[in-house]
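Novice: Quick one: the structure is below, and I'll ask about it shortly.
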Amino acid sequence: MISSQYFSVSRFVIYIVLPMFLPVFAWAKASLMTPNSLSDYYVDTWTSTDGLPHNSINAIAQTQDGYLWFATWEGVARYNGLEFRLFDRGPITHMLDSGTRALVSDQNNSLWVGGARGSLSFRTGFTWHSQPAAPSMVNHVLIDHSGNQWLAIEGQGVVRRQKNADGSYGESVWILENISAYRLIKNSANEVFAGTEKGLYQFSEHSSTRIETTQFDKVYYLSLAHNGDLLLGTNRGAWRYDGKELSLIDPRIDVTVVTVVEQDSAGNIWLGTINKGLARLSDNTLEFLDASKGLPNNRVLSWYQDIENSIWVGTNGGLIRLRNAPFMSITQDKGLVGNYVRTVLPIADDTLLVGSSNGLSILKQSYAAPAINGDVSLSVLSLANASDGGAWVGTYQNGLMKWNNGAIEPILTDKDGLPTNEVRAILEDSKHNLWIGTPFGVVKKQPDGAMQHFTQQNGLSDDYVMALAEDELGHTWVGTGVGVGYWDNDKFENLELDQLEQAQYAFGFYIEPGYVWVATDRGIVRYRLSDQSTALVGRPQGLPIDKFFQIQKDDDGYFWLSSNRGIWKINAARAHEVADGNESSIVFEHFDETDGMASSQANGGSNPASAKLSSGSIYIATAKGVASIHPNRLHTLSSNPLPLVLQSVRFDSNFINPEATPIVPAGTSRVSINYVGLGYVMSERIQYRTKLEGFDNTWSERRNSRSAEFTNLRPGHYKFLVSARYPYGNWTEARALYEFDVEPLFWQRKEVIVFIILSLLALIGSGVFWRIQSLKRSELRLKQQVELQTHELRSQATMFEKLSHEDDLTGLANRRAFDLKLKELFDKARESGDILQLAVLDIDHFKHINDKYSHLVGDHAIVEVVDVLKRHIESDTLLARWGGEEFTLLFVSDTHQSDDYLERLRSAIEAHSFDNVASQLKITVSIGVSSSEYLSDYEDLLKLADHALLKAKRNGRNKVERISV
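If you're matching positions, the sequence shown starts at 30 in my numbering and goes up one per residue.
Structure below.
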């Protein structure tokens, strides 16, 4: 599991100046123009527990196909955005040792791997190639403009191998000897430099020159700046070399051992140190990231910027990635006076007023500052724009206040007519009436100062008010803890929400022409002004959770919904289609901490808890600061290159090299193809579709699956195509990842098929004559056999029909027949009004009879009991053997008569002599009876009779018991 954290590395809090609001802070305005700080990056961390073979990341590279590679002391790890695959010492990689120190990508999607014991390997596509070993560990590999190979070798120096015409390399030529060389670099003029334990060296074809200096002794790292200068990481800081002079990059780290120095695409200088972590120099601002702020270890070993502009940093304790996440969180580290944010309000084109449990802040871009001059402590619940300037402020304990230009003043409290000082929603409507929502109703203050207090007694759906809004018709909408309504013509009109999944809580409103959207505890509800109809878009329509707090619509036509479980993005037009019943389900995209939010818990219950600025950015109040998203940032991420690669191919269960094996052997039953899109920002969300030309006519949607399997393919030529996209993005151009031919089996070859067809025709012709004669001879015999078998089958059918409805021992109807008859008679009795009586009769202690006399005697006893019953039952009584020693009797009668009737049957059996069955054998029975009166189902009649039988047994047996409804 990747561990992720959002961290701050600011060394001091930056206060933003807004001259129109806070003149006292005018000095800070220039800070808005600085590049984003390190705290604006989102950090992902990997260690050996997340799939890395070792925590020391010695080198990082990205090959042309898009794979990221990490060199460790336990092998090379290849990463596809979802998982690592290890390549270590063995005959496949030709590595002499698993410990790797150098990774260098080259043309033609190739990779150089150097490491311990002088190991040097070269990979192109799926194939590894061995290279002549060096005499000691290979620290770095350089391929110059002519394709020659340069090796920086531990304790030995620098060796050069010239590339031959056939692609092989010539003998090693030592350019520098008896010295540890760490890093090699070539400039645009193809001049090669080496960083060594004795400083910086420059090479010609066969000689070396040391760049003399007394400023440092060792050069651990070399890279090129954008202008072509050399950047040096030394034992005494980071330096720049323009070909003539050396200059210190930043004097603040002049005594620090610098292990990495690189310039990113934006021009920032990144510095890795031996014990102080990672530093970034941006416009003379030096920021540090160390172990106390999220770095796995303070010793930095490697650095890389990938094609998506993410920064990868390898340390002695693991790997981190700094990336631009879809969301950015602004917290106390960036100037907010409190992290628990409840409400946000636009007060200018690019400026927000932010209310939190600690007070008010002003937020511009990604930086904040206190909004109130002086030391004022407030717990802010709600905000609203004031028509005469400034903003209304609803508090938790101080009632209604007003903020303007850094000052705040009290307006209304419980002493002035508010039912409570807790103000959760504020609205100044188009007529300049001020609506104030509290947990004890809503207060309307008119421009002349007159105040009205509305509660449930005045028609409000509930006293606990959380949201207020005004629609285009001038209606004032009120969201409460138990429903939602609007003020129209001096009264409240409340919506019926019970049929909408019994929605109750109305947390927020979004008003658009012709419609009012309500965020509720059962999804989002749409109210159409033209016909006052309501519709739900919630769980039944595909949303995965119930409770949503706020709705914001971006400039691209998408709704952003806040919740306790992150932010959800849905298509607004599709939401209307679902609400209209034209679509059955909604498609969504989900964002949480993994996308840059400091907390996925958005806040609700006070308003407004989200806002959209004119720039298109959306801001959401959360339990840890303000989460911001600019939809264009998502477009940027989804428009990043998305390389598609073939990971593996299997024929049945055997992995093959797809570059070397384009033929599928005859008889192969299954071809399995694994692929992946190498996007690292939102890897889990990449969607795929595939097409196998020669087999598929249309694309197969694979969603997030990265494998396709085809069985029993016919002989022929096939081309496997893959296209991918990020959610809501465009599909990439289809790429053919694998072409192959399926060989035919012997019998599938054309010449074999023709021979078989001709042979079959000949056989058929000769066989037809013989068959005709044979059929004639058999015809008579078959007729006789058919007649005989038909007679036997009819006899068996008659017997089976009888056995299916009749008990073999007693000749009575069996349980199956009785069930069918009971259902039929029960339905007829319900129509006619007759009352059916159902009795279940059980021979008492029948097991004792079997145990004492034998099962044969037991069978005779059952037959004798049936004979007694047949002699005493009435002609309209249906008698059946229910099973074992149990019998059922069904007849029409009232309760009193039926009880007497059954008592006579019980007495007759008790008085009967069973000496003909066994000497001195006495038999009694227990009877349970129930009536169909008041019953709607025949199964209930059976259950009651069965319960009555149990009652008879519990009461001593040899009884008739009844249970009635």
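The C-beta atom is built at its ideal place from N, Cα and C for all residues, glycine as well.
#1: For the alpha helix (DSSP H) that contains L854, what are its first and last residues?
#2: Where does D550 sit, in a helix, a strand or coil, going by DSSP?
#3: DSSP three-state call for Y709: helix, strand or coil?
#4: Can you say whether Y963 is buried or exposed, counting buried as having 16 or more other CB atoms within 10 angstroms of its CB?
#5: By DSSP, does E618 sit in helix, in strand, or in coil?
#6: Evaluate H461 with the Cβ neighbour count: other Cβ atoms within 10 Å of its Cβ, from every protein chain shown; 16 or more gives buried, anything less gives exposed.
#7: I need the boundaries of the beta strand (DSSP E) containing Q178, first residue and last residue.
#8: Please state if the CB of L374 and the CB of T344 are separated by a distance shorter than 8 Å.
#9: Comparing C-alpha positions only, which one of S936, N338, V329 and D725 sits nearest to G346?
#10: Which parts of the region 369 to 440 are runs of the beta strand (DSSP E), unbroken and 3 residues or longer, counting only runs that do not cross its ends?
#11: Under three-state DSSP, which class holds K305?
#12: Is the CB-CB distance between L429 and L441 below 8 Å?
#13: Looking at Y250 and D258, is the spacing between their C-beta atoms short of 8 Å?
#14: Tell whether a beta-carbon distance below 8 Å holds between F538 and W506.
#15: Answer yes if the region 873 to 881 comes into contact with the region 946 to 962, meaning at least three C-beta pairs across the two stretches below 8 Å, and no otherwise.
#16: Tell me which residue opens and which closes the beta strand (DSSP E) that Q191 is part of.
#17: Hey, could you find the ends of the beta strand (DSSP E) E915 is sitting in?
#18: Going residue by residue through the region 553 to 619, where are the continuous beta strand (DSSP E) segments of at least 3 residues, counting only ones entirely within it?
#19: When the Cα atoms are used, what is the spatial distance from H874 to R991?
#20: Just the Cα atoms here: how many angstroms apart are D126 and V142?
#21: Please identify the residue among H123, A890, N523 and T917 whose C-alpha is closest to the C-alpha of K951.
#22: Reducing DSSP to helix, strand and coil, say where F155 ends up.
#23: Looking at the structure shown, is T92 part of a helix, part of a strand, or coil, going by DSSP?
#24: Indicate the three-state DSSP secondary structure (helix, strand or coil) for G147 in the structure shown.
#25: Counting only the same chain and skipping the five closest in sequence on each side, list residues whose C-beta sits under 8 Å from that of D117.
#26: Tell me where the beta strand (DSSP E) around T314 begins and ends.
#27: Could you pull out every residue in the same chain whose Cβ sits closer than 8 Å to the Cβ of N297, ignoring the five residues on either side in sequence?
#28: Is G306 closer than 8 Å to W332 when the C-beta atoms are compared?
#29: Taking all protein chains shown into account, do 16 or more other C-beta atoms lie within 10 angstroms of the C-beta of H504, making it buried, or fewer, making it exposed?
#30: Pick helix, strand or coil for A55, following the three-state DSSP scheme.
#31: What residue range does the beta strand (DSSP E) around H461 cover?
#32: Helix or strand or just coil, what does DSSP make of Q475?
#33: State whether the region 433 to 440 contacts the region 399 to 409, with contact taken as three or more CB pairs (one from each stretch) at a distance under 8 Å.
#34: Please state if the CB of L171 and the CB of T92 are separated by a distance shorter than 8 Å.
#35: Here's the rule: buried if 16 or more other CB atoms are within 10 angstroms of the residue's CB, otherwise exposed. What is Q561?
#36: With which residues is S629 paired in a DSSP beta bridge?
Specialist: On the basis of the coordinates in this document:
#1: First-last of the alpha helix (DSSP H) with L854: R844 to S861.
#2: Strand at D550.
#3: In the structure shown, Y709 adopts coil according to DSSP, grouped into three states.
#4: When all chains shown are included, Y963 counts as exposed.
#5: E618 falls in the strand class under three-state DSSP.
#6: Around the CB of H461, fewer than 16 other CB atoms lie within 10 Å, so the residue is classed as exposed.
#7: Q178 -> beta strand (DSSP E) spans Q178 to I182.
#8: The answer is no: Cβ separation not under 8 Å.
#9: Taking only the C-alpha atoms, the option nearest G346 is V329.
#10: Listed in chain order, the beta strand (DSSP E) elements of length 3 or more contained wholly in the region 369 to 440 are 370 to 377, 380 to 385, 388 to 393, 396 to 399, 409 to 414, 420 to 424 and 429 to 433.
#11: K305: coil per DSSP, three-state reduction.
#12: In this structure, L441 lies closer than 8 Å to L429 by Cβ.
#13: No, the pair does not count as a contact, with Cβ atoms beyond the cut-off.
#14: In this structure, the beta-carbon distance from F538 to W506 falls below 8 Å.
#15: Contact holds: three or more Cβ-Cβ distances are below 8 Å.
#16: Per DSSP, Q191 belongs to the beta strand (DSSP E) from G186 to K192.
#17: Looking at the DSSP string, the run of the beta strand (DSSP E) that includes E915 is E915 to V921.
#18: Listed in chain order, the complete beta strand (DSSP E) runs (minimum 3 residues) inside the region 553 to 619 are 562 to 566, 580 to 582, 587 to 592 and 595 to 600.
#19: C-alpha separation (whole angstroms): 21 Å.
#20: One alpha carbon belongs to D126, the other to V142, and they sit about 11 Å apart.
#21: That would be A890, whose Cα lies nearest to the Cα of K951.
#22: Per DSSP, reduced to three states, the secondary structure at F155 is coil, with no helix or strand assignment.
#23: T92: coil per DSSP, three-state reduction.
#24: Helix at G147.
#25: These residues qualify, in order along the chain: P82, E103, G104, V105, M124 and S127.
#26: First-last of the beta strand (DSSP E) with T314: T314 to L318.
#27: Counting only Cβ-Cβ distances below 8 Å, and skipping sequence neighbours, we find P64, R309, L310 and S311.
#28: No, they are not a contact pair.
#29: Its Cβ being crowded by 16 or more others within 10 Å, H504 is buried.
#30: Low confidence applies to A55: its pLDDT is 30, below 50, so where it sits in the model is not reliable, and the reading given next is rough at best. The three-state secondary structure of A55, taken from DSSP, is helix.
#31: From DSSP, H461 is part of no beta strand (DSSP E); its letter is neither H nor E.
#32: The answer is coil: DSSP assigns Q475 none of H, G, I, E or B.
#33: Contact between the region 433 to 440 and the region 399 to 409 is present, because at least three Cβ pairs lie under 8 Å.
#34: The answer is no: Cβ separation not under 8 Å.
#35: Under this definition Q561 is an exposed residue.
#36: Looking at the DSSP output, S629 shares a beta bridge with no other residue.
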